[in-house]
Amino acid sequence: MFPRRVASLRFSGIRKLFEAAPAGAINLGLGEPDIQPPKEMVEAFKTALDNGMNKYGPSAGIMDLRKAIANNLKSYRRDVHWENIIVTAGATEGMRIACETIIGEGDEALVPNPGFIIYGPDVALAGGRAVDYSLTSENGFCPDPDEIQSLITPRTQAIILNSPSNPTGAVYPDDVIKAICDIATERDLYILSDEVYHNFVYEGKHVSPARYHDDTIIVNSFSKSLATTGWRIGYVATSKEIVEQLAKVQYYTLACPPTATQYAVLEGMKIRKAFRAAMLEEFRERRDLAMRKLSEIPSFETPLVQGAFYVFPRYSQRIASEEYARKLLSAGVICAPGTAFGAKGEGHLRFSYANSKENIAEALDIVRDVAGKL
Ligand SMILES: Cc1ncc(COP(=O)(O)O)c(C=O)c1O
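Numbering-wise (this note's numbering), the sequence shown opens with residue 6 and increments by one.
If you want it as structure tokens, here you go:
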């Protein structure tokens with residue numbers, strides 16, 4: 006028998022579907038940019054290997070990268086320094102060690118539903134209990150501060166936010182972020198802010214809760230912004246005191262983040278503006294195309310997507326999202342059922358537009374035909 010906290014973990018619903026995909030299916034299930042990282046970064050990676058960067062490094066990451074990340078975050082807060090940064094093996098590990106560090110046995114953390122799949126398990130693995138708050142299309146998929154307030158108990162330790170959001174594509178406006186920060190400040194809670202899509206904003210502006218709330222723990226990564234999901238480099242930005250604790254947990258989890266990759270990411274940070282601008286333009290056009298195509302499907306309702314690279318339409322057919330996704334899969338389109346992101350995702354499908362415009366158009370034509378027959 007395995008302990009409950011492990012035995013109760015489920016494999017991702019998305020993976021299960023991908024494995025059943027027929028050959029030649031168009032993949033609108035991807036959670037990563039379909040482009041390669043800048044070649045200067047790849048060269049820097051090779052150079053780092055040639056230069057012998059093949060050994061353990063510092064547990065909290067190499068100093069130059071910590072400094073470069075802190076420098077970048079000065080647009081959020083001027084008081085950010087290298088001591089406020091720990092380099093991690095992507096946001097996945099960052100979120101995991103953050104939960105491990107701040108959540109105690111029996112503590113509660115508020116998590117979005119529908120939301121990215123790791124939050125609940127991360128809270129549970131830390132010995133805590135995830136309490137869902139709802140994101141609904143009526144509300145533009147924004148958290149409702151009144152609901153958040155009503156869910157707080159003496160055991161609540163943290164609120165997990167994710168803007169721009171996976172799976173909904175919502176970007177939370179400044180007033181919503183501020184209202185949640187005010188609650189967190191008043192109730193003395195941490196905000197764990199997953200900002201991995203901060204570069205993918207098409208409408209409005211990315212606002213980090215770190216602007217308004219000192220006890221914010223930013224979890225971020227270069228996976229999406231530099232198209233390096235396989236490199237596993239991210240970071241956590243927070244107070245110096247929390248970083249010191251995180252570094253201990255990271256040491257026992259990972260020893261240190263991968264060394265050569267950090268030098269490559271450091272190089273990438275120098276050129277990322279141009280890379281990011283080109284990628285954003287391309288993804289904006291894809292978003293527009295996906296929105297246009299989805300608007301041709303009468304049974305779908307899709308609020309304008311503001312960020313990340315997903316659309317999350319609500320459909321009117323009385324059919325479970327997993328079954329819907331399977332029907333689309335048989336017709337040649339891979340997507341994720343809304344319930345892969347929590348029970349409140351039922352009635353939705355998630356399509357990623359991290360694919361070529363030709364594929365997006367062809368796949369959404371297939372979706373329109375399948376939807377028309379249901
Ligand atoms: C919202 C969100 N957070 C975190 C991650 C994990 O990112 P990383 O590759 O940095 O571990 C993902 C990946 O899809 C994501 O969508």
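Even for Gly, the Cβ is constructed at its ideal location relative to N, Cα and C.
Just so it is clear, the structure is predicted and the values come from calculations on it, not from any experiment.
- Close CB contacts of P27 within its chain, under the 8 Å cut and outside five residues either way in sequence, are with L334, S335 and G337 (chain order).
- For a cut-off of 8 Å, the C-beta gap from R134 to E113 is around 5 Å, short enough to register as a contact.
- S142 and R319 have their alpha carbons spaced roughly 8 Å apart.
- With a cut-off of 8 Å on Cβ pairs, the stretch 180 to 189 is in contact with the stretch 215 to 234, counting three or more such pairs.
- Secondary structure of R373 (DSSP, three-state): helix.
- Excluding sequence positions up to five before and after N32, its CB lies within less than 7 Å of the CB of I339 and N360, all in the same chain and listed in chain order.
- Inter-segment contact for the stretch 240 to 259 and the stretch 77 to 89 is present: three or more beta-carbon pairs are separated by less than 8 Å.
- Less than 8 Å separates the beta-carbon of I165 from that of Y124.
- Judged by DSSP in its simplified three-state form, Y202 adopts coil rather than helix or strand.
- The stretch 19 to 86 contains, as complete alpha helix (DSSP H) runs of 4+ residues, the segments 44 to 55 and 68 to 77 (chain order).
- In this structure, the CA atom of V136 is about 17 Å from the CA atom of D199.
- The shortest CA-to-CA distance from T234 to any of G34, Q41, R9 and E45 is the one to Q41.
- In the structure shown, L140 adopts coil according to DSSP, grouped into three states.
- Of the other Cβ atoms in all chains shown, 16 or more fall within 10 Å of the Cβ of M284; this residue is therefore buried.
- Annotation for F288: the continuous alpha helix (DSSP H) segment containing it runs T264 to S300.
- In the structure shown, the three-state DSSP call for T233 is coil.
- By the Cβ-count criterion, M100 is buried, with 16 or more other Cβ atoms from all chains shown falling within 10 Å of its own Cβ.
- When the Cα atoms are used, Q267 and A65 turn out to be separated by approximately 11 Å.
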